[in-house]
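**Q** In terms of the working numbering, the numbers along the sequence shown are unbroken and rise by one, the last being 63.
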Amino acid sequence: MGAQQSNLSPAPAPAPVAPAASGDAASKPKPCCVCKDEKAKRDECMLFSKADDPEKDCKSTIELYKGCMAGYGFKV
């Protein structure tokens, strides 16, 4: 068990460095975890659009997704 304690000792030392470097990351969620409904609607529109230019056809759903992501601090 003494070996387990020595394994735990090094872990707390790097811990203060990690939150300082990723302080913004801790308060900001990952891009994959936000705006899931908007992303699904955007993807569905783009994939199943019958238009010659799906991006133009789905502009409103794309803008909703971009707006949602911007609300979380992501630039898409």
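In this text, a Cβ means the ideal position worked out from N, Cα and C, and glycines have one as well.
Every value quoted in this text rests on a predicted model; they were computed, and no experiment measured them.
(1) Going by beta carbon distance, what residues of the same chain come within less than 6 Å of K53, once the five residues before and after it are set aside?
(2) If you drop the 5 nearest sequence neighbours on each side, which residues of the same chain put their C-beta closer than 8 Å to that of E42?
(3) Between the Cα of R29 and the Cα atoms of G60, K46, A57, which residue gives the shortest distance?
(4) For G60, which residues from the same chain have a beta carbon less than 6 Å from its beta carbon, with the 5 sequence-adjacent residues on both sides left out?
**A** This is what the structure gives:
(1) The beta carbon of K53 sits closer than 6 Å to the beta carbons of V63 from its chain, once the five residues preceding and following it are set aside; these are given in chain order.
(2) Result list for E42: M33, I49, in chain order.
(3) Among G60, K46, A57, the Cα nearest to that of R29 belongs to K46.
(4) The beta carbon of G60 sits closer than 6 Å to the beta carbons of K15 from its chain, once the five residues preceding and following it are set aside; these are given in chain order.
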